[in-house]
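Top line first, the protein sequences correspond to chains Z and L.
Just so we're aligned: 36 in this note's numbering is position 36 of the first sequence, and the numbers increase by one with no gaps anywhere.
Count along the second sequence starting at 1, add 334, and that's the number in this note's numbering.
Just so it is clear, CB atoms sit at the ideal spot from N, CA and C, and this is done for glycine as well.
Since the structure is predicted, the reported quantities are computational estimates derived from the model, not experimental observations.
There are 2 protein chains.
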Amino acid sequence: MTTIKDIAKKAGVSPSTVSRVLNNSSLIGAETRKKVKRIAEELDYEKNDLARGLVKGGGVGALGLIIPNISNPFYAELAQGVQDRANELGYGVFLCDTEASLDKERQFKTLLTRKKVDGMILASATVDDPYVKELNESSIPIVLISRVSRNLKTNYIKVDDIKGGRLAVEHLIGLGHRDIGFIGGPENFSSAQDRRKGFEEVLHENSISINSNFVTHAQYTQQAGKETAKKYLSRDENITAIFCANDLIALGAIEAIEKQGLNVPGDVSIVGYDDISYARLPRIMLTTISQPIYEIGQKSADKLIKIREEEVEEYVQEEFEPGLVVRDTTRQLA
Amino acid sequence: MTTIKDIAKKAGVSPSTVSRVLNNSSLIGAETRKKVKRIAEELDYEKNDLARGLVKGGGVGALGLIIPNISNPFYAELAQGVQDRANELGYGVFLCDTEASLDKERQFKTLLTRKKVDGMILASATVDDPYVKELNESSIPIVLISRVSRNLKTNYIKVDDIKGGRLAVEHLIGLGHRDIGFIGGPENFSSAQDRRKGFEEVLHENSISINSNFVTHAQYTQQAGKETAKKYLSRDENITAIFCANDLIALGAIEAIEKQGLNVPGDVSIVGYDDISYARLPRIMLTTISQPIYEIGQKSADKLIKIREEEVEEYVQEEFEPGLVVRDTTRQLA
DNA sequence: TTGTAAGCGTTATCAA
DNA sequence: TTGATAACGCTTACAA
């Protein structure tokens, strides 16, 4: 491995001079600069970020990305956004898939602390676990994605989920639906609360009463969607549309509905949320609410690195706009 | 941040003693050990892997995972396998999504070299690019996933793709099909070559002649599947089944077939390859060939770390077995 | 414009 | 069983 010393020796200068050249310091003679650069090139020199991080007191030049499941296309896309921007700025990204386990979340906190990352993006945060508080008070900056804590003042980036919920239900009502159900995520997630709030707002505004038999909080999973939809169908009440708080739930709902011999959107219209890659697949073509998740990833990486490098103290609390994507799982009520 | 020195001071011992305790050295008094451990605990001490890596001359305790696209569920699952095992052993995983760009592959090589990773898993490797050769000759160990180089002796882990191809076609023939097409991946990928080989072998063994109009090499993408299937359908020749060399291609093929007003599996049976999560979705339920990709990920991490830590010189060249997963896109020919 | 020297947080070698 | 000391590769005052 070539070190700065090797270059120094070969160039007949001191290591500090080499360091200056490599860091584009301005106080350097043009000739020395050229010579050192040439030799560094010749020797295939690669910076050692370990050593650099150590002396600079910062990190290795890496971000930690904590998510519940990389096989969920939603998080895969987030990861791409984070990674692309991080890379542009010379940073790496540690993938931390918690498999939705709080224990693993905590372990990752330790792992990333040891590796001296420069920032952490928490998309999996059990917001009210003490570890988040500790992290938030530590010297390494964090940003929460789509999770907002009532108790903690943290950096966060989210989308306007109330708006998203509204978009979904307005679409359904515009199509003539009035008997609309809701299947949400876990009750203690702010995203689930907000999407439900949007749902209820629009119903109220249209003087449609809410049938609490058709409002459920469950997991953000296909299984939960399947079970809940099945329950809805078994009731002796009319239901012509369901707004599902994420696409996985929607997929499960479709599965349950079709298993009953019913048709989507013929008998029941379905709207999802997230616009994950599944939603665009042939045969699926799910009407859904899109989130600019790739951009959110980019922005998170951006902000974190900025906070670190420029030591700005600004709080990042941004909100993105959702959008309606109409595909084939909703239709005009006859 | 607590350092080893802080602990030493508070415990009234030297830093070296603290280091020994923390690394479970045997030559340590029981009392000192207990005391130091307690104080370390009190002070919330966390190892600094940067410093450790520097002096040990090794890496930070991290692996690099280079893949073409994390949004492809196949690679997401690979990533989970790699990560799970790496974490168990105290390692982190750098996610490196190349977006199928050779340029990015090369950039990652540099990035990971700087970050001093302990090993690299290449699932995206353009095997014959010089950078792979350089890497293979460097001090950091690499393992190739499902890519085999004719020119280079490298570590690799793959599945028996000839067998996989055979499984797919045997299934189709067992169902009574004889007019079977093939849509493969890029011709220069060993995986694509092998799957095709399996296809041809079985056809020969059953004395079915191969119609070269129905054998194509394309990209491993949905788009390619769609275009190729459309071409097949437009020919004035009978075709009742298509073996697609990955699930994305299969999805594209299904799309094209149904767009023509035809039915899968009613008119054409489809077999995919990989068994990615898409294949299990309601409405899709693709018959396909499964690869134990999660296990392959685990194994790669395992081997890489072992090579590094125990400085074994063994070559890793393993082959896993594929399996047939029958779902709803193939049927018995009447 | 350049060099010298100290130091980042560890581990390893050698003495004690 | 423990402590000094040097070293890993780099950056950065401070001097020259």
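Contacts with chain Z (Cβ-Cβ distance below 9 Å) from the stretch 436–455 of chain L involve LYS438, GLN441, PHE442, THR444, LEU445, LEU446, THR447, ARG448, LYS449, LYS450 and VAL451, listed in chain order. Counting only runs of 4 or more residues that sit fully inside the stretch 158–219 of chain Z, the alpha helix (DSSP H) segments are 161–174 and 190–205, in chain order. If you draw a straight line from the Cα of VAL13 of chain Z to the Cα of LEU43 of chain Z, it comes to about 16 Å. Every beta strand (DSSP E) of 3 residues or more that sits fully in the stretch 96–163 of chain Z is shown, in chain order, as 119–122, 142–145 and 155–159.
Between GLY252 of chain Z and LYS231 of chain Z, the C-beta gap is not smaller than 8 Å, which leaves the two residues out of contact. Straight through space, the alpha carbons of GLU46 of chain Z and PHE108 of chain Z are spaced by roughly 29 Å. Distance between THR574 of chain L and ASP513 of chain L, taken at the CA atoms: about 6 Å.
Interface flag for GLN291 of chain Z against chain L is unset, since no Cβ pair is found closer than 8 Å.
Taking C-beta separations shorter than 8 Å and ignoring five residues to either side along the sequence, the partners of ARG354 of chain L in its chain run LEU361 and ILE362, following chain order. The Cβ of GLU255 of chain Z sits closer than 8 Å to at least one Cβ of chain L.
Going by DSSP, LEU63 of chain Z is part of the beta strand (DSSP E) stretching over 62–67. Beta-bridge partners assigned by DSSP to ASP608 of chain L: L:SER624. Within its own chain, the residues whose Cβ lies closer than 6 Å to the Cβ of SER483 of chain L, once the five positions on either side in sequence are excluded, are VAL461, listed in chain order. Chain order gives the chain Z residues near LEU384 of chain L as LEU50, GLY53, LEU54, VAL60 and LYS116, where near means a beta carbon separation below 7 Å.
Neighbourhood of GLU46 of chain Z in chain L, by CB distance below 8 Å: THR444, THR447 and ARG448, in chain order. Measuring C-alpha to C-alpha distances from SER525 of chain L to each of L:LYS369, L:ALA374 and L:VAL493 identifies L:VAL493 as the nearest. If you check each beta-carbon in the stretch 606–617 of chain L against every beta-carbon of chain Z, the ones closer than 7 Å belong to SER611, TYR612, LEU615, PRO616 and ARG617.
Take the alpha-carbon of THR3 of chain Z and the one of PRO15 of chain Z: they are about 9 Å apart. Put simply, the CB of LEU356 of chain L is far from chain Z, with every gap to its CB atoms at 8 Å or more.
With a cutoff of 8 Å on beta-carbon distance, ALA40 of chain Z and ILE7 of chain Z are scored as near each other. The C-alpha of GLY393 of chain L is placed about 14 Å away from the C-alpha of GLU644 of chain L. Among the bridge pairs identified by DSSP, PHE94 of chain Z is matched with Z:GLY64 and L:PHE428. Taking all protein chains shown into account, LEU102 of chain Z has fewer than 16 neighbouring C-beta atoms within 10 Å of its C-beta and is therefore exposed.
Per the Cβ contact rule, the stretch 295–309 of chain Z is not in contact with the stretch 633–651 of chain L (fewer than 3 Cβ pairs under 8 Å). At the C-beta level, GLY453 of chain L and GLU629 of chain L stay beyond 8 Å of one another. Residues of the stretch 76–90 of chain Z with a C-beta atom less than 9 Å from some C-beta of chain L are ALA76, GLU77, ALA79, GLN80, VAL82, GLN83, ASP84, ASN87 and GLY90, listed in chain order. In the three-state DSSP reduction, ILE242 of chain Z falls in the strand class (E or B).
A contact is defined here as three or more CB-CB pairs under 8 Å, and the stretch 513–523 of chain L meets this definition with respect to the stretch 532–550 of chain L.
Under the 8 Å criterion on CB atoms, ASP236 of chain Z is classed as non-interfacial with respect to chain L. Taken through DSSP and simplified to helix, strand or coil, SER360 of chain L comes out as coil.
Rounded to whole angstroms, the gap between the alpha carbons of SER472 of chain L and MET619 of chain L is 44 Å.
Any Cβ of chain Z closer than 8 Å to the Cβ of GLY600 of chain L would place that residue at the interface, and such an atom is absent. Minimum Cα-Cα distance from LYS133 of chain Z among the listed residues Z:SER124, Z:THR330 and Z:ASN151 corresponds to Z:ASN151. Rounded to whole angstroms, the gap between the alpha carbons of GLU365 of chain L and VAL117 of chain Z is 34 Å. DSSP places LEU388 of chain L within a helical segment (H, G or I) once states are collapsed to three.
In the DSSP secondary-structure assignment, LEU582 of chain L is not bridged to any residue.
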